[in-house]
Amino acid sequence: MAKDPRVTRIEDLPGPKSKGEMDEMKMPYEEYCKKLFDVGNEHTKPIALKGIRWLSCTMYIFTPHSVANLAELGAEVIKIEMPRMGDAMRHTSPFNECYLYPLHDTRPMTGTGLGFTNANPNKYFLTMDYHIPEMVDVFYGLVKKSDGLTELYRPGTLDKWKMSYRYLSEINPRFIYVWGGGFGYGPKIFGGSYDILGQAHAGLASITGMHEFMGGHATKQTNWVIDWQSGNLITCSILAAIHHRRKTGLGTMIEFSQVQVPTRMLGHTLPMYGKFGIVRQRWGNWDTQLAAHGIILCGKSDFPDADNPQDKFCARYVMVSAFQDEDFKELCAITGMKDLFDKYKAHKDRVEGEAQVEIYGALENWAADKSRSEVCKILNDAGLLAEPVRNDREVYESPHFRERGTVRWLDDPLFGDMLLHAGYSCGLMEKTPRRINWHWRPVGADNKKIYRDLLGVPLTQIKEWYNKAWI
Amino acid sequence: MCDIIWCKKEVDGKECDTINYLDPYCFWNWEGTINCAECGTVYYIHMIQGFMYKGPEERPGEEPDTSPLYADKPFEGYANYRPGVEGRTRPYECKPRSVLLGVADMVKFSIRGRPVRGWRPQPPSAGLAGSFGFNWDIQKLSPEIWEEYQEKMAKGEVREW
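Taken in order, these protein sequences are the chains called A and B. Just so we're aligned: 194 in numbering that gives the first Met the number 0 is position 195 of the first sequence, and the numbers increase by one with no gaps anywhere. Just so we're aligned: 104 in numbering that gives the first Met the number 0 is position 105 of the second sequence, and the numbers increase by one with no gaps anywhere.
See the structure below:
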């Protein structure tokens with residue numbers, strides 16, 4: 000301690016006394032990350048979008064997902080659904096099997112399908128038939144107290160109802176308005192959209208799948224990737240609009256065409272056409288820029304006796320990567336394809352189409368009497384990158400996803416034990432992490448909370464509206 | 000594009016005349032025997048990179064390794080064998096899981112043995128205008144499931160993962 004108590008000497012302070020000592024005291028990087036992100040304890044930290052209130056007149060996946068991102072980050076998102084029915088997506092479950100109950104008081108035998116999952120977490124569920132004249136003022140009341148709205152009607156529908164941006168911005172100049180839909184203005188303005196339509200219209204499906212001479216076809220991704228990705232991109236725009244509003248005090252309108260999203264995912268495809276006139280072709284499970292760098296089929300399943308066809312027949316694919324000369328040499332050595340290495344020593348030779356047909360054919364012949372895990376082990380032991388193509392069950396059992404909290408269980412307050420895989424897959428945040436509080440709630444579950452607590456509507460009035468099916 | 004075996008076998012004095020379609024995904028690199036969906040004649044083929052390297056050659060008396068995906072008789076109208084016709088075309092394995100019910104599948108417990116509200120009917124909302132509280136007290140509202148859950152826990156059937 001210094002003689003003068005007002006003097007603070009560095010040696011009296013806790014912590015490292017020199018740069019070297021500081022480096023010594025630092026925990027290993029992995030430990031540091033674990034402590035920093037503290038997976039599993041997200042709810043003890045603040046939320047990022049506290050104070051933002053967003054309205055959502057959306058359905059299916061694409062636009063609901065754009066606001067689900069906000070809700071996961073802590074915004075108060077109010078989803079307005081059709082009275083008694085709710086979002087059409089609630090009735091679209093996989094194979095009409097996977098339901099959670101109940102849906103609504105007036106539909107005791109109907110549930111919400113799991114297809115509704117991931118696009119609607121943490122939201123508050125309000126019912127309102129906002130297009131009837133009696134409810135327009137109530138809708139405006141919500142607009143006055145909210146930061147923004149996302150809607151997905153055919154272009155001009157809300158304009159017809161006097162609820163488009165040009166009307167709402169007069170009520171609330173800070174209001175941010177998002178239209179998300181199929182084509183947007185232009186030649187196909189009234190065209191609705193589906194994920195598959197986007198994949199087709201913007202050319203994504205034309206470069207997915209194996210080439211036709213290999214038995215492939217232009218292929219869509221099984222899941223609705225364009226719906227999910229479009230939602231993400233709208234969220235980016237919303238966050239930018241919120242930032243812009245902080246600087247200017249003014250809201251804005253975002254017009255988002257879903258079918259344009261795949262063009263952002265096409266990489267060098269269009270610039271290549273622009274420069275050379277080359278129309279890119281599909282190359283399926285292989286790679287046009289790297290070889291060997293693709294997915295091959297092995298002869299034996301890892302689970303030949305399994306009941307589930309995904310295990311029994313499809314646990315046979317392996318991703319293999321050995322495109323550097325040294326790696327390719329090793330790959331050829333352990334698979335007995337030395338002549339192929341002699342033939343394709345240079346990467347520019349083996350990346351050619353004909354060479355890839357020969358290389359992957361030879362690799363599949365080598366793997367024909369092996370299982371997926373045998374192939375992985377042989378290649379990994381040789382220092383090469385090889386990963387099995389996993390199915391859902393294997394993802395669930397993977398320690399990687401479990402340790403990082405990507406896949407985890409949620410004790411949903413209304414629906415019980417549910418497995419999560421989306422809310423925690425968007426990157427970890429130290430200070431204000433995303434979180435899932437609930438998967439969804441029944442149709443109109445928050446009517447009283449919003450109408451009475453937020454808008455001050457008396458209970459008798461709410462009851463009357465409910466009986467008239469206005470809400 | 001996929002290769003075919005056009006069966007010209009004489010059966011009862013008449014040509015079989017059936018086109019058996021070889022699904023390219025399964026026959027890209029393949030050697031073995033395959034039956035005609037109509038008359039059952041067994042053919043041997045050897046395909047390399049989608050090219051019919053050998054065959055089709057008749058192999059009478061041999062058991063087929065597999066069947067065509069689909070077959071039709073274009074010169075006799077629209078008669079065909081869809082995928083999954085037993086003994087004629089390949090079993091249709093394109094199922095999303097081992098058991099496909101196609102009807103609402105009621106569950107009361109998740110795969111790790113904890114209660115999940117996947118059955119009906121459920122008690123109605125307690126609130127006004129369909130409003131729900133934020134917590135569902137399973138012990139109070141579904142006591143039979145709560146009992147079953149306690150038994151499962153006692154038996155060690157409830158897992159962490």
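No residue lacks a Cβ here, since even glycine has one placed at the ideal position from N, Cα and C. Since the model is a prediction, treat every value here as computed from it, not as a measurement.
(message) Counting only Cβ-Cβ distances shorter than 7 angstroms, please list the residues of the stretch 55–86 of chain B near chain A, keeping chain order.
(response) none
(message) Against chain B, does residue 38(A) count as a neighbour if the rule is that its beta carbon must be under 8 angstroms from one of theirs?
(response) Counting from one through the first sequence, the residue named residue 38(A) turns up at place 39. No, its Cβ sits nowhere closer than 8 angstroms to a Cβ of chain B.
(message) Assess contact between the stretch 185–202 of chain A and the stretch 38–46 of chain A, defined as three or more Cβ pairs (one per stretch) separated by less than 8 angstroms. Is contact present?
(response) no
(message) Can you list, in chain order, the residues of its chain with a C-beta nearer than 7 angstroms to that of residue 285(A)? Leave out the 5 residues immediately preceding and following it.
(response) The residue given as residue 285(A) occupies position 286 in the first sequence. Around residue 285(A): 293, 355, 359.
(request) Starting from the beta carbon of residue 383(A), find every residue of chain B whose beta carbon is closer than 9 angstroms, and list them in chain order. (result) Translated into the one-based positions of the first sequence, residue 383(A) becomes position 384. None at all; the shortest Cβ gap to chain B is about 22 angstroms.
(message) Tell me the rounded alpha-carbon separation between residue 143(B) and residue 126(B).
(response) Mapped onto the second sequence, residue 143(B) falls at position 144. Mapped onto the second sequence, residue 126(B) falls at position 127. Answer to the nearest angstrom: the Cα atoms are 23 angstroms apart.
(request) Look up residue 88(A) in the DSSP assignment and say whether it is helix, strand or coil. (result) The count along the first sequence starts at 1 and reaches residue 88(A) at position 89. Helix at residue 88(A).
(request) Could you list which residues in chain A have their beta carbon closer than 9 angstroms to that of residue 162(B), in chain order? (result) The structure shown has nothing for residue 162(B), since chain B only spans 0 to 160.
(message) Is it buried or exposed, residue 136(A), if we count other Cβ atoms within 10 angstroms and call 16 or more buried?
(response) For the purposes of this step, residue 136(A) is taken as residue 137 along the first sequence, with counting starting at 1. Under this definition residue 136(A) is an exposed residue.
(request) Would you list the one or two residues that DSSP bridges to residue 23(A)? (result) Here residue 23(A) is taken as the residue at index 24 of the first sequence, counted from 1. Per DSSP, none; premise fails for residue 23(A).
(message) Looking at residue 128(A): is its Cβ nearer than 8 angstroms to the Cβ of residue 123(B)?
(response) In the first sequence, residue 128(A) corresponds to position 129, counting from 1. In the second sequence, residue 123(B) corresponds to position 124, counting from 1. Cβ distance not < 8 angstroms, so residue 128(A) and residue 123(B) don't count as in contact.
(request) Quick one: using the 10 Å Cβ neighbour count with 16 as the cut-off for buried, is residue 239(A) buried or exposed? (result) Numbered from its first residue, the first sequence carries residue 239(A) at position 240. Looking at its Cβ environment, which holds fewer than 16 other Cβ atoms inside 10 Å, residue 239(A) is exposed.
(request) Note down, in chain order, every chain A residue with its Cβ under 8 angstroms from the Cβ of residue 140(B). (result) Within the second sequence, residue 140(B) is the residue found at index 141, counting from 1. Under the 8 angstroms cutoff, chain A gives no residues; its nearest Cβ is about 11 angstroms from residue 140(B).
(request) Please decide whether residue 470(A) counts as near chain B, where near means a Cβ-Cβ distance under 8 angstroms. (result) By one-based count along the first sequence, residue 470(A) stands at place 471. Cβ-Cβ to chain B under 8 angstroms: yes for residue 470(A).
(request) Rank 140(A), 279(A), 101(A), 430(A) by C-alpha distance to the C-alpha of residue 266(A) and give the top, closest one. (result) What you label residue 266(A) is simply residue 267 of the first sequence in a count that begins at 1. Of the candidates 140(A), 279(A), 101(A), 430(A), the one whose C-alpha sits nearest the C-alpha of residue 266(A) is 279(A).
(request) Per DSSP, which residues does residue 46(B) bridge with? Please list them. (result) If you number the second sequence from 1, residue 46(B) lands on position 47. Answer by DSSP bridge pairing, in chain order: 29(B), 51(B).
(request) For my contact list, residue 65(B) and residue 36(B) are in at a C-beta cut-off of 8 angstroms; report their separation, rounded to the angstrom. (result) For the purposes of this step, residue 65(B) is identified with residue 66 of the second sequence, where counting begins at 1. For the purposes of this step, residue 36(B) is identified with residue 37 of the second sequence, where counting begins at 1. The Cβ separation is near 12 angstroms, so there is no contact.
(request) Let me know if residue 229(A) comes out buried or exposed under the rule of 16 or more other beta-carbons within 10 Å of its beta-carbon. (result) Your numbering for residue 229(A) matches position 230 in the first sequence. Buried: at least 16 other Cβ atoms inside 10 Å.
(message) Buried or exposed for residue 7(A), going by 16 or more other Cβ atoms inside 10 Å?
(response) Sequence index remark: in the first sequence, residue 7(A) carries index 8 (1-based). Result: exposed.
(request) Check each residue of the stretch 108–124 of chain B: if its Cβ is closer than 9 angstroms to any Cβ of chain A, include it; give the result in chain order. (result) 108, 109, 110, 111, 112, 113, 114, 115, 116, 117, 118, 119, 120, 121, 122, 123, 124
(request) Using a Cβ cut-off of 9 angstroms, pull out every chain B residue sitting near residue 417(A), in sequence order please. (result) Locating residue 417(A) in the first sequence gives position 418, where the first residue counts as 1. Going along chain B in sequence order, the residues near residue 417(A) (Cβ under 9 angstroms) are 109, 115.
(request) Closer than 7 angstroms by beta-carbon distance: list the chain B residues that pair up with residue 141(A), in chain order. (result) Against the first sequence, residue 141(A) aligns to sequence position 142. Those do not exist, as residue 141(A) stays about 16 angstroms from chain B at its closest Cβ, beyond 7 angstroms.
(request) Evaluate residue 438(A) with the Cβ neighbour count: other Cβ atoms within 10 Å of its Cβ, from every protein chain shown; 16 or more gives buried, anything less gives exposed. (result) Within the first sequence, residue 438(A) is the residue found at index 439, counting from 1. Buried: at least 16 other Cβ atoms inside 10 Å.
(message) Once DSSP output is grouped into helix, strand and coil, what is the label at residue 134(A)?
(response) The sequence position of residue 134(A) within the first sequence is 135, counting from 1. The answer is helix: DSSP assigns residue 134(A) an H, G or I state.
(message) Nearest by alpha-carbon distance to residue 389(A): which of 378(A), 302(A), 76(A) is it?
(response) What you label residue 389(A) is simply residue 390 of the first sequence in a count that begins at 1. Comparing Cα-Cα distances from residue 389(A) to each of 378(A), 302(A), 76(A), the minimum goes to 302(A).
(message) Give me, in chain order, the residues of the same chain whose beta-carbon lies closer than 6 angstroms to that of residue 253(A); leave out the 5 immediate sequence neighbours on both sides.
(response) Position 254 of the first sequence holds residue 253(A). These residues qualify, in order along the chain: 177, 236.
(message) Determine whether the beta carbon atoms of residue 89(B) and residue 157(B) lie at a separation below 8 angstroms.
(response) To locate residue 89(B), count along the second sequence from 1; it is residue 90. To locate residue 157(B), count along the second sequence from 1; it is residue 158. For residue 89(B) and residue 157(B), no; Cβs fall outside 8 angstroms.
(request) Give a yes or no on contact between the stretch 66–82 of chain A and the stretch 155–170 of chain A, applying the rule of three or more CB pairs nearer than 8 angstroms. (result) no
(message) For a quick check, are the C-beta atoms of residue 61(A) and residue 226(A) less than 8 angstroms apart?
(response) Here the question's residue 61(A) lines up with position 62 in the first sequence. Here the question's residue 226(A) lines up with position 227 in the first sequence. Going by C-beta atoms, residue 61(A) is nearer than 8 angstroms to residue 226(A).
(request) Measure from the C-beta of residue 103(A) to each C-beta in chain B and report whether the shortest distance is under 8 angstroms. (result) Residue 103(A) sits at position 104 when you count from the first residue of the first sequence. Yes, contact with chain B.
(request) Pick helix, strand or coil for residue 384(A), following the three-state DSSP scheme. (result) Reading the first sequence from its first residue, position 385 is the one you call residue 384(A). Reduced to three states, the DSSP call for residue 384(A) is strand.
(request) Give me the Cα-Cα distance between residue 149(B) and residue 159(B), rounded to the nearest whole angstrom. (result) As a first step, residue 149(B) is located in the second sequence; it is residue number 150 there, counting from the start. As a first step, residue 159(B) is located in the second sequence; it is residue number 160 there, counting from the start. If I take the Cα positions, the gap works out to 15 angstroms.
(request) Could you spell out where the alpha helix (DSSP H) holding residue 271(A) opens and where it closes? (result) Locating residue 271(A) in the first sequence gives position 272, where the first residue counts as 1. 268–275 is the extent of the alpha helix (DSSP H) around residue 271(A).
(message) Please state whether the Cβ-Cβ distance between residue 28(B) and residue 121(A) is less than 8 angstroms.
(response) Within the second sequence, numbered from 1, the residue matching residue 28(B) stands at position 29. Within the first sequence, numbered from 1, the residue matching residue 121(A) stands at position 122. No, these two residues do not count as a Cβ contact at 8 angstroms.
(request) Report the partner residues of residue 408(A) according to the DSSP bridge assignment. (result) Taking the first sequence and counting its residues from 1, one reaches residue 408(A) at position 409. Looking at the DSSP assignment, residue 408(A) forms a beta bridge with 418(A).
(message) Between which two residues does the beta strand (DSSP E) holding residue 125(A) run?
(response) What you label residue 125(A) is simply residue 126 of the first sequence in a count that begins at 1. First-last of the beta strand (DSSP E) with residue 125(A): 123–126.
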